[in-house]
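Visitor:
Number of protein chains: 2
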Amino acid sequence: MPSPDRLSQTLTRHGLRQTTVRRAVLQVLSESSYALSGGEIEQLLPPNTDRITLYRTLKSFEECGLIHRVIDTSDVVRYAACSIECSAKAHFDNHVHFKCTACEHIYCLNQVAIPAVTLPAKFEAVTRDYLLAGVCRECQPA
Amino acid sequence: MPSPDRLSQTLTRHGLRQTTVRRAVLQVLSESSYALSGGEIEQLLPPNTDRITLYRTLKSFEECGLIHRVIDTSDVVRYAACSIECSAKAHFDNHVHFKCTACEHIYCLNQVAIPAVTLPAKFEAVTRDYLLAGVCRECQPA
DNA sequence: AGCTTAATGCAACTTGGTTACTTTTGCCTG
DNA sequence: CAGGCAAAAGTAACCAAGTTGCATTAAGCT
Numbered sequence: 177m178p179s180p181d182r183l184s185q186t187l188t189r190h191g192l193r194q195t196t197v198r199r200a201v202l203q204v205l206s207e208s209s210y211a212l213s214g215g216e217i218e219q220l221l222p223p224n225t226d227r228i229t230l231y232r233t234l235k236s237f238e239e240c241g242l243i244h245r246v247i248d249t250s251d252v253v254r255y256a257a258c259s260i261e262c263s264a265k266a267h268f269d270n271h272v273h274f275k276c277t278a279c280e281h282i283y284c285l286n287q288v289a290i291p292a293v294t295l296p297a298k299f300e301a302v303t304r305d306y307l308l309a310g311v312c313r314e315c316q317p318a
Numbered sequence: 177m178p179s180p181d182r183l184s185q186t187l188t189r190h191g192l193r194q195t196t197v198r199r200a201v202l203q204v205l206s207e208s209s210y211a212l213s214g215g216e217i218e219q220l221l222p223p224n225t226d227r228i229t230l231y232r233t234l235k236s237f238e239e240c241g242l243i244h245r246v247i248d249t250s251d252v253v254r255y256a257a258c259s260i261e262c263s264a265k266a267h268f269d270n271h272v273h274f275k276c277t278a279c280e281h282i283y284c285l286n287q288v289a290i291p292a293v294t295l296p297a298k299f300e301a302v303t304r305d306y307l308l309a310g311v312c313r314e315c316q317p318a
């Protein structure tokens with residue numbers, strides 16, 4: 177639960193102007209324990225927040241490395257706040273993601289690093305994404 | 177390049193009826209060296225092939241384990257033919273995928289297995305997906 | 001305060017995919 | 001090799017996610 181102060185600081189640190197929508201979007205994303213789609217973010221924002229502005233906000237957040245897309249097999253894009261400082265070019269988003277098949281949430285498992293693989297010759301990997309699916313802690317049968 | 181025979185056999189083996197569209201879709205997918213989106217498949221099919229039928233075909237193929245969705249950060253779903261026999265429940269799709277940032281294609285690296293990770297307590301993984309991004313063999317600068 | 005540029009808000013549109021319903025066709029059985 | 005039934009195709013209309021163009025507003029620098 178970051179203070180408004182902290183949110184503003186994060187924006188300036190990434191060279192972004194202060195606006196109401198941006199602070200709101202950043203707050204929603206950094207308070208969520210799982211990745212959110214555009215539609216989900218929209219519902220968590222104050223009513224009547226403009227959808228187009230939201231998508232543009234997500235785009236600029238992504239471009240400056242404030243948030244990252246989370247891989248998924250579904251047809252909607254989900255976003256999560258970057259936990260450590262990423263830049264537009266290099267996302268140091270080196271942890272695995274976990275998708276719960278019960279609650280459908282995708283969590284960042286910050287403590288679990290993505291293991292390396294050896295690629296065939298002439299393939300050069302720049303980014304790596306690892307997604308596990310199963311049943312999360314909350315949805316486990318007691 | 178599987179013969180029509182082989183395609184028909186694959187369909188029956190998975191308990192699917194023989195239809196023109198199904199054979200065509202299966203052929204397109206098994207001949208492609210990279211994962212295809214619904215729209216891309218549509219363009220590779222004979223003209224005037226019904227879009228809805230295509231999506232239904234993809235759905236049933238997926239359900240019976242003939243094809244699998246490939247994870248991605250984009251907002252379109254991409255499919256690839258399963259190389260070995262998968263069932264609806266258990267996809268033995270244990271290889272990493274590679275997305276080329278130049279040609280945008282996603283390849284199955286069948287020879288590269290997904291390394292295991294140790295999860296925090298109470299997380300149970302059922303499926304695992306690993307996506308690398310970078311420049312593929314064909315797009316490497318000479 | 002005033003200016004410049006970036007961000008917002010609005011309308012209209014595109015793309016990917018789905019639902020409901022009717023018609024056709026695969027394929028099993030007698 | 002009918003003939004019938006269920007599954008698949010076809011058609012139309014719809015829905016949701018995301019985008020584009022343009023006019024308006026507001027951030028933040030001097």
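Quick mapping for you: the protein sequence lines, in order, are chains Z and F. Following the numbering used here, the numbering of the first sequence begins with 177 at its first residue and continues without gaps. Following the numbering used here, the numbering of the second sequence begins with 177 at its first residue and continues without gaps. Each residue gets a CB set at the ideal place from its N, CA and C atoms; glycine is no exception.
Please identify the residue among F:196, F:252, F:209 whose C-alpha is closest to the C-alpha of residue 230 of chain F.
Guide: Nearest C-alpha to residue 230 of chain F: F:196.
Visitor: For the segment 299–313 of chain Z, list every residue whose C-beta sits within 9 angstroms of some C-beta in chain F, in sequence order.
Guide: Those residues of the segment 299–313 of chain Z that come within reach of chain F (Cβ to Cβ, closer than 9 angstroms) are 299, 300, 301, 302, 303, 304, 305, 306, 307, 308, 309, 310, 311, 312, 313.
Visitor: Just reading off the beta strand (DSSP E) that residue 228 of chain F is part of, what are its end residues?
Guide: Premise fails: residue 228 of chain F lies in the alpha helix (DSSP H), 227–239, not in any beta strand (DSSP E).
Visitor: If you run the structure through DSSP and keep just helix, strand and coil, what is residue 196 of chain F?
Guide: In this structure, residue 196 of chain F counts as helix in the three-state DSSP scheme.
Visitor: Using a 10 Å radius around the Cβ and a threshold of 16 neighbouring Cβ atoms, would you call residue 318 of chain Z buried or exposed?
Guide: Exposed, by the Cβ-count rule.
Visitor: Looking only at its chain, what residues have a beta carbon closer than 8 angstroms to the beta carbon of residue 217 of chain F, apart from the 5 residues adjacent to it on each side?
Guide: Closer than 8 angstroms at the Cβ level, and outside the excluded window around residue 217 of chain F, lie 201, 204, 205, 230, 234, 255.
Visitor: Check the Cβ of residue 247 of chain Z against every Cβ in chain F and list those closer than 9 angstroms, keeping chain order.
Guide: Residues of chain F passing the Cβ test: 247, 248, 249, 305, 307.
Visitor: Just the C-alpha distance for residue 274 of chain F and residue 257 of chain F, rounded to the nearest angstrom, thanks.
Guide: So the two alpha carbons sit approximately 15 angstroms from each other.
Visitor: Which two residues bound the contiguous alpha helix (DSSP H) that contains residue 282 of chain F?
Guide: That residue, residue 282 of chain F, is in no alpha helix (DSSP H); its beta strand (DSSP E) goes 282–289.
Visitor: Beta carbon of residue 246 of chain Z, beta carbon of residue 215 of chain Z: below 9 angstroms?
Guide: It is not a contact, given that the beta carbons lie outside the stated cut-off.
Visitor: Using beta-carbon positions only, say whether residue 299 of chain F and residue 293 of chain Z come within less than 9 angstroms of one another.
Guide: No, Cβ-Cβ distance for residue 299 of chain F and residue 293 of chain Z is not below 9 angstroms.
Visitor: Just the C-alpha distance for residue 240 of chain F and residue 283 of chain F, rounded to the nearest angstrom, thanks.
Guide: Approximately 22 angstroms, taken between the alpha carbons.
Visitor: Is the beta carbon of residue 274 of chain Z within less than 8 angstroms of some heavy atom of the ligand FMN?
Guide: Although the ligand FMN was asked about, the structure shown includes no ligands whatsoever.
Visitor: At a Cβ threshold of 9 angstroms, is residue 200 of chain F touching chain Z?
Guide: Closer than 9 angstroms: no.
Visitor: Under a CB-based cut-off of 9 angstroms, is residue 264 of chain F close to chain Z?
Guide: Only weak support exists for where residue 264 of chain F lies, its pLDDT of 45 falling under 50; the coordinates are left without a value.
Visitor: Can you look up residue 310 of chain F in the DSSP assignment and give me helix, strand or coil?
Guide: In this structure, residue 310 of chain F counts as strand in the three-state DSSP scheme.
Visitor: Taking residue 277 of chain Z as the reference, give the member of Z:289, Z:248, Z:287, Z:305 with the closest Cα.
Guide: Comparing Cα positions, the closest option is Z:248.
Visitor: What is the DSSP secondary structure of residue 181 of chain F, reduced to helix, strand or coil?
Guide: Residue 181 of chain F: helix per DSSP, three-state reduction.
Visitor: Relative to the C-alpha of residue 288 of chain Z, which residue among Z:281, Z:295, Z:271, Z:296 is closest?
Guide: The shortest C-alpha separation from residue 288 of chain Z is found at Z:271.
Visitor: Is the beta carbon of residue 238 of chain F less than 9 angstroms from the beta carbon of residue 279 of chain F?
Guide: Not a contact, by the Cβ cut-off of 9 angstroms.
Visitor: Would residue 304 of chain Z pass as a contact of residue 308 of chain F if the rule is Cβ separation under 9 angstroms?
Guide: Cβ atoms of residue 304 of chain Z and residue 308 of chain F: closer than 9 angstroms.
Visitor: Roughly how many angstroms lie between the CA atoms of residue 209 of chain F and residue 297 of chain F, to the nearest whole one?
Guide: Between residue 209 of chain F and residue 297 of chain F, the C-alpha separation is close to 38 angstroms.
Visitor: Please report how far the alpha carbon of residue 207 of chain Z lies from the alpha carbon of residue 224 of chain Z, in whole angstroms.
Guide: Going by the C-alpha atoms only, they are around 21 angstroms apart.
Visitor: With a threshold of 8 angstroms on Cβ separation, who are the neighbours of residue 212 of chain F within its own chain once the five nearest residues in sequence on each side are excluded?
Guide: So the list reads 204, 205, 220, 254, 255, 256, once near-sequence residues are dropped.
Visitor: Identify the residues that DSSP records as bridge partners of residue 257 of chain F: which are they?
Guide: Partner(s): F:243.
Visitor: Between which two residues does the alpha helix (DSSP H) harbouring residue 215 of chain F extend?
Guide: First-last of the alpha helix (DSSP H) with residue 215 of chain F: 214–220.
Visitor: Could you spell out the range, first to last residue, of the beta strand (DSSP E) harbouring residue 274 of chain Z?
Guide: Element bounds for residue 274 of chain Z: 271–276.
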